[in-house]
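*Asks:*
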Amino acid sequence: MEKFRDQHIIDSIRRRDDVAFKYLQVKFQDSIRLMVSEMGGSPEDAKDVFSEGLIALICLVDREDFVLNCKLGTLVYALCKKTWKQHLEKQVAVRNYHVRKIDSSPDWDFTEETDQKLYQEIFWECFKQLEEVCQEILEGYLKEISPKEIAEKLGYSYGYIRKRKSMCHGFLLKTIESHPTYIRIKETELTLDIE
Amino acid sequence: MKRYLDRNRRLADYIYNDMDPEERLVIEEEILNDPEFSETHQLNRQVKDYLQAKIQLEEMKSDPQLEDAEQLADMAFDVVSNDKVEQKIIPIGKRKRIRNTTFAAAIAATVAIVISVGIIPSSIDQDRLFDRYYEPIEASDFSQRGESNELYGEIARGINFYTDGDYSQSIDQFSSLASDPALGSEVQFFTALSHLGLGQYQHAQSILVSVLDGDIRYQAETLWYLSLCCLKTGELEKANAFLGQLEIYDGMYKQDAQTLRKKLRRFK
Numbered sequence: 021m022e023k024f025r026d027q028h029i030i031d032s033i034r035r036r037d038d039v040a041f042k043y044l045q046v047k048f049q050d051s052i053r054l055m056v057s058e059m060g061g062s063p064e065d066a067k068d069v070f071s072e073g074l075i076a077l078i079c080l081v082d083r084e085d086f087v088l089n090c091k092l093g094t095l096v097y098a099l100c101k102k103t104w105k106q107h108l109e110k111q112v113a114v115r116n117y118h119v120r121k122i123d124s125s126p127d128w129d130f131t132e133e134t135d136q137k138l139y140q141e142i143f144w145e146c147f148k149q150l151e152e153v154c155q156e157i158l159e160g161y162l163k164e165i166s167p168k169e170i171a172e173k174l175g176y177s178y179g180y181i182r183k184r185k186s187m188c189h190g191f192l193l194k195t196i197e198s199h200p201t202y203i204r205i206k207e208t209e210l211t212l213d214i215e
Numbered sequence: 048m049k050r051y052l053d054r055n056r057r058l059a060d061y062i063y064n065d066m067d068p069e070e071r072l073v074i075e076e077e078i079l080n081d082p083e084f085s086e087t088h089q090l091n092r093q094v095k096d097y098l099q100a101k102i103q104l105e106e107m108k109s110d111p112q113l114e115d116a117e118q119l120a121d122m123a124f125d126v127v128s129n130d131k132v133e134q135k136i137i138p139i140g141k142r143k144r145i146r147n148t149t150f151a152a153a154i155a156a157t158v159a160i161v162i163s164v165g166i167i168p169s170s171i172d173q174d175r176l177f178d179r180y181y182e183p184i185e186a187s188d189f190s191q192r193g194e195s196n197e198l199y200g201e202i203a204r205g206i207n208f209y210t211d212g213d214y215s216q217s218i219d220q221f222s223s224l225a226s227d228p229a230l231g232s233e234v235q236f237f238t239a240l241s242h243l244g245l246g247q248y249q250h251a252q253s254i255l256v257s258v259l260d261g262d263i264r265y266q267a268e269t270l271w272y273l274s275l276c277c278l279k280t281g282e283l284e285k286a287n288a289f290l291g292q293l294e295i296y297d298g299m300y301k302q303d304a305q306t307l308r309k310k311l312r313r314f315k
């Protein structure tokens, strides 16, 4: 099914169908943004990387010898990762010649970025603390697998999966909100707001 | 309490697209009209969106077909030759760059691994904060004064090396002037900044401390660069104290110092 859908998207890209690009954006932009962020880039860098990755994808699917032999998502990831590495190489090369700093993102708010990273760490840490079955259920939902399929896979009823999903998510939120670092950031935000 | 739990259950159904269209309309209206509920919704959405991206990213990274995808990516960028071939044909100067690149990529990968397992060494944030705020001083007004007499002409030469980013040369130039007491603070100040430019933070820091003790002309600038040295060397309390002293100076340094102090609080 996934293979069929991926091939359909590739065909749509060849036809320059807007729907295909919209799909790629909705489906993969957030994870590419996360990849760039985890590798030290800013949100602006991530936007550029994603756009350049898509351009590379168009060039690739236009080649006569192109055959999709992997998942489309993994290909987008590989293209964007390569784009980002090339970007880093250029940065290193520029630094070799210009000792002085070049601020490529003057509007980038460091504090926001730092907080965002801390929040994300907390979210992931709390998710990993959930019971295994909770993780499996939420992961199923997050991968957009139908509740019916999740229920079949885990051997529960559809109704139970729906109810358990809400409980697991509620517990996750509670764990996040009581995380000491989360509380500390919130308190700091409050202090800064008052100032 | 029951209503609260019921609301949260419905919110979970909503963000996981597990709800009828009619129910969706009702909850969307509630979110719109209740600021507190809207805030709860935002956090729920933020958590869900992040986890969705993270899980997808982890899946991509561990996909057994990643190697095939990387080969296709190489094809897209027209990288026909592999690293070995590339290293054979390029001159020595470029080989060095390759080593730097590999090193940079290794650093980036390490940072990614470290972050993904949930540990961010504070030095990474300090470095980024330093990179954000550090800029060589605009020294045009200093070099213009160099036209007024021979001694300042010598200083101006050193400052020109500094502004050109030739920090080793500027250190050499200033060292030849260091014995003249009339030029002491200026020479010291720019020597320190040159060391800072070369990444010799401890050295720059110790010179700046003596500038601070000796002359009142460069107090604001000295405090600012001193605080950046401390930031880089991890002495955050000291950095904070120097930035605090900039409160009495109006203008750019005061403003930047205030912002930087706020950001430093996040590390504590």
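As given, the protein sequences belong to chains L and X, one line each in that order.
Using this note's numbering, the first residue of the first sequence is number 21, and each one after it goes up by one.
Using this note's numbering, the first residue of the second sequence is number 48, and each one after it goes up by one.
For glycine and all other residues, C-beta sits at the position ideal for the given N, C-alpha and C.
Could you check the C-alpha separation between X/GLU182 and L/GLN106 for me, to the nearest Å?
*Replies:* 26 Å
*Asks:* Which residues of chain X have a Cβ atom closer than 9 Å to the Cβ of L/GLU151, listed in chain order?
*Replies:* Contacts between L/GLU151 and chain X, judged by CB atoms closer than 9 Å, are missing: the closest CB pair is about 16 Å apart.
*Asks:* Tell whether a beta-carbon distance below 9 Å holds between L/TYR97 and L/PHE41.
*Replies:* no
*Asks:* Chain L partners of X/ASN55, CB-CB under 7 Å?
*Replies:* Correct list: GLY190.
*Asks:* When you compare only the Cα positions, how much space is there between L/LYS23 and L/LEU88?
*Replies:* 9 Å
*Asks:* Sort X/PHE124, X/MET107, X/ASP125 by Cα distance to L/LEU95 and report the nearest one.
*Replies:* X/MET107
*Asks:* Excluding the five sequence neighbours on either side, which residues of its own chain have a C-beta within less than 8 Å of the C-beta of X/ARG92, listed in chain order?
*Replies:* Within the same chain, X/ARG92 has close Cβ partners ILE62.
*Asks:* Hey, how far is the Cα of X/HIS88 from the Cα of L/ASP65?
*Replies:* So the alpha carbons of these two residues sit roughly 28 Å apart.
*Asks:* Note the first and the last residue of the continuous alpha helix (DSSP H) segment covering L/ARG91.
*Replies:* Going by the sequence as given, residue 91 of chain L is Lys instead of Arg. It is not in any alpha helix (DSSP H) - L/LYS91 carries neither H nor E in the DSSP assignment.
*Asks:* Using a Cβ-based criterion (distance less than 8 Å to any ligand heavy atom), does X/ARG308 qualify as near the ligand ADP?
*Replies:* Absence of the ligand ADP from the depicted structure is noted, as is the absence of any ligand whatsoever, leaving it without description.
*Asks:* In whole angstroms, what is the alpha-carbon distance linking L/PHE147 and L/GLN111?
*Replies:* 35 Å
*Asks:* Using only alpha-carbon positions, find the residue among X/ASP303, X/ILE102, X/LYS309, X/SER232 that is nearest to X/TYR265.
*Replies:* X/SER232
*Asks:* Just to make sure I have the definition right: I need the residues of chain X whose C-beta is within less than 7 Å of the C-beta of L/SER198. Which are they?
*Replies:* By Cβ distance, chain X contributes nothing, its closest Cβ being about 13 Å from L/SER198, past 7 Å.
*Asks:* Nearest CA to the CA of X/ILE184: which residue from X/GLY291, X/GLU284, X/ALA267?
*Replies:* X/ALA267
*Asks:* Using 8 Å for Cβ pairs, my map puts L/GLY142 next to L/ILE196. What's the rounded Cβ distance?
*Replies:* The question names Gly, but residue 142 of chain L is Ile in the sequence shown. Between L/ILE196 and L/ILE142 the Cβ distance is about 6 Å, and since that is below 8 Å, they are a contact.
*Asks:* Go to L/GLN49, then tell me how far its alpha helix (DSSP H) extends in each direction, as first and last residue.
*Replies:* 38-58
*Asks:* X/ALA59 CB to nearest chain L CB: under 9 Å?
*Replies:* yes
*Asks:* Hey, L/CYS154 and L/CYS188: beta-carbon distance below 9 Å or not?
*Replies:* yes
*Asks:* So with CB distances below 7 Å, who are the chain X contacts of L/THR94?
*Replies:* MET107, ASP110, GLN112, LEU113, ALA116
*Asks:* In angstroms with no decimal places, state the Cα-to-Cα distance between L/PRO63 and L/ARG53.
*Replies:* 7 Å
*Asks:* Can you list the residues of chain L that X/ILE74 reaches, using a CB-CB cut of under 7 Å?
*Replies:* The premise fails here: X/ILE74 is roughly 13 Å from chain L at the closest Cβ pair, so nothing lies under 7 Å.
*Asks:* In the DSSP assignment, the alpha helix (DSSP H) including X/GLN216 goes from what residue to what residue?
*Replies:* 214-222
*Asks:* Could you pull the start and end residues of the alpha helix (DSSP H) that X/ARG71 belongs to?
*Replies:* 68-80
*Asks:* Can you check whether the C-beta of L/GLU159 is within less than 9 Å of a C-beta belonging to chain X?
*Replies:* yes
*Asks:* Which chain X residues sit within Cβ distance under 9 Å of L/ALA76?
*Replies:* Result: ALA120, ALA123, PHE124.
*Asks:* Run down chain A in chain order and give the residues with a C-beta less than 7 Å from the C-beta of X/GLN249.
*Replies:* No chain A is present in this structure, whose protein chains are L and X.
*Asks:* Pop quiz: L/GLY190 and X/ASN55 are said to be a contact at Cβ under 8 Å. What is the actual Cβ separation, rounded to whole angstroms?
*Replies:* 5 Å
*Asks:* Could you tell me which chain X residues have their CB closer than 9 Å to the CB of L/PHE143, listed as they occur along the chain?
*Replies:* Per Cβ cutoff of 9 Å: GLN93, VAL94, TYR97, LEU98, LYS101.
*Asks:* Within this structure, are the beta carbons of X/SER222 and X/THR238 separated by less than 9 Å?
*Replies:* yes
*Asks:* Does X/ILE295 pass the burial test, meaning 16 or more other C-beta atoms within 10 Å, or should it be called exposed?
*Replies:* exposed
*Asks:* In terms of residue numbering, what span does the alpha helix (DSSP H) encompassing X/ASP227 cover?
*Replies:* Per DSSP, X/ASP227 belongs to no alpha helix (DSSP H) and is neither H nor E.
*Asks:* With a threshold of 9 Å between beta carbons, is L/PHE24 in contact with chain X?
*Replies:* no
*Asks:* Is there a Cβ of chain X sitting closer than 9 Å to that of L/PRO63, yes or no?
*Replies:* no
*Asks:* Along chain L, in chain order, which residues have C-beta atoms closer than 9 Å to that of X/LEU240?
*Replies:* Neighbours of X/LEU240 on chain L: none; closest Cβ ~12 Å, over 9 Å.
*Asks:* Report yes if the C-beta distance between X/LEU119 and L/LEU74 is below 9 Å; otherwise report no.
*Replies:* no
*Asks:* Is L/ARG36 close to chain X? Criterion is C-beta to C-beta, closer than 9 Å.
*Replies:* no
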